[in-house]
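A.B. asks: Structure provided below as structure tokens; questions to follow.
In the numbering used here, the protein residues as written are 331 to 618.
Structure, rendered in structure tokens:
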């Protein structure tokens, strides 16, 4: 029963964080802090009931490990501080999967499975988010198509060289390893080419969305606490003190940036991990 309560707290807490992230771009600190406290207290009770230090120790290891990784992402400018804290809160709450769900398709231990799924589900979520932004701001598509057209020659040349390399490599494999057929090598080559072209196009699209959809110039009078200037290396909104300093600087306009509001990836990854299992294993099963 206690494990189910901790699972529910993790889900409800991450959903609440997602709501505030989508609405205001800010995750209130009290949400992840409450998750952390409940997680530590809950696993301390589990240790007492089981008369074993392991549940509490595992909670600390996973929670602090997630927190450390989250803040590496924060200082690299990839995540906001709230994202790092939500990931850590889930780690403190769920260092292992409740026994009722142990039959699910998990190849890795639950903390690793959830960790990998955050990035797998997060990647799909970010693509969807970028598509929504591009629908709202139609200018993105025109710039993206122009950029793609400008790179068409480079794509063709690279693909031609890639095909030559694959043919040479395939010939070598077929000649010296009799268990491979040229048809199989060619089929693999087609997959590699399509994958490269697909990732290149997706990368170009995301870069255009980042430059056009996530950056805007606003009058200083419209600047508010929580906005992030484009020259900030980390995702941390300006404070009241910084706002007053900027407004008294005499500037008329300022560039600010937004990023993908990533918090919804956490409850989505949690649901996926509990109900389905490892995303990597699941995708491999689709193609094997």
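The C-beta atom is built at its ideal place from N, Cα and C for all residues, glycine as well. In this text the structure is predicted, and so the values were computed from the model without any measurement.
Return the chain-ordered list of same chain residues with a C-beta closer than 6 Å to the C-beta of residue 427, the five sequence neighbours on each side being excluded.
C.D. replies: Here the set comprises 440.
A.B. asks: Among 604, 599 and 590, which residue has its Cα nearest to the Cα of residue 353?
C.D. replies: 590
A.B. asks: In chain order, what residues of the same chain lie with their CB nearer than 7 Å to the CB of residue 564, ignoring the 5 residues before and after it?
C.D. replies: 404, 405 and 407
A.B. asks: For residue 585, report the span of its beta strand (DSSP E) as first-last.
C.D. replies: 583-587
A.B. asks: Have a look at residue 618 and residue 494 and give me their C-alpha separation to the nearest angstrom.
C.D. replies: Note on residue 618: pLDDT 49, under 50, position unreliable in the model; the coordinate value appears next. The straight-line gap from Cα to Cα measures roughly 28 Å.
A.B. asks: Here's the rule I'm using: 16 or more other beta-carbon atoms within 10 Å means buried, otherwise exposed. How should residue 620 be labelled?
C.D. replies: The first residue shown for the chain is 331 and the last is 618, placing residue 620 beyond what the model contains.
A.B. asks: Measuring alpha carbon to alpha carbon, tell me which of 529, 452 and 560 ends up nearest residue 587.
C.D. replies: 560
A.B. asks: The alpha helix (DSSP H) spanning residue 441 covers which residue range?
C.D. replies: 440-466
A.B. asks: Cβ of residue 594 within 9 Å of Cβ of residue 455?
C.D. replies: yes
A.B. asks: From this set, 472, 356 and 376, which residue's C-alpha is nearest residue 534's C-alpha?
C.D. replies: When each option's Cα is compared against that of residue 534, the closest is 472.
A.B. asks: Count the other C-beta atoms from every protein chain shown that fall within 10 angstroms of the C-beta of residue 365, then say buried if there are 16 or more, exposed otherwise.
C.D. replies: Burial call: buried.
A.B. asks: I need the boundaries of the alpha helix (DSSP H) containing residue 375, first residue and last residue.
C.D. replies: 360-380
A.B. asks: Excluding the 5 residues preceding and the 5 following residue 396 in the sequence, name in chain order all residues of the same chain whose CB lies nearer than 6 Å to its CB.
C.D. replies: 417, 418 and 421
A.B. asks: If you reduce the DSSP assignment to three classes, tell me which class residue 618 lands in.
C.D. replies: Caution applies to residue 618, whose pLDDT of 49 falls short of 50 and renders its modelled position unreliable; the model cannot decide the point.
A.B. asks: Taking all protein chains shown into account, do 16 or more other C-beta atoms lie within 10 angstroms of the C-beta of residue 351, making it buried, or fewer, making it exposed?
C.D. replies: Looking at its Cβ environment, which holds 16 or more other Cβ atoms inside 10 Å, residue 351 is buried.
A.B. asks: I need the boundaries of the beta strand (DSSP E) containing residue 548, first residue and last residue.
C.D. replies: Under the DSSP assignment, residue 548 falls in the beta strand (DSSP E) whose first and last residues are 545-549.
A.B. asks: On the premise that residue 607 lies in contact with residue 443, defined as a C-beta separation below 8 Å, what is that separation, rounded to the nearest angstrom?
C.D. replies: Confirmed, about 7 Å.
A.B. asks: Using DSSP with H/G/I as helix, E/B as strand and the rest coil, what is residue 536?
C.D. replies: helix
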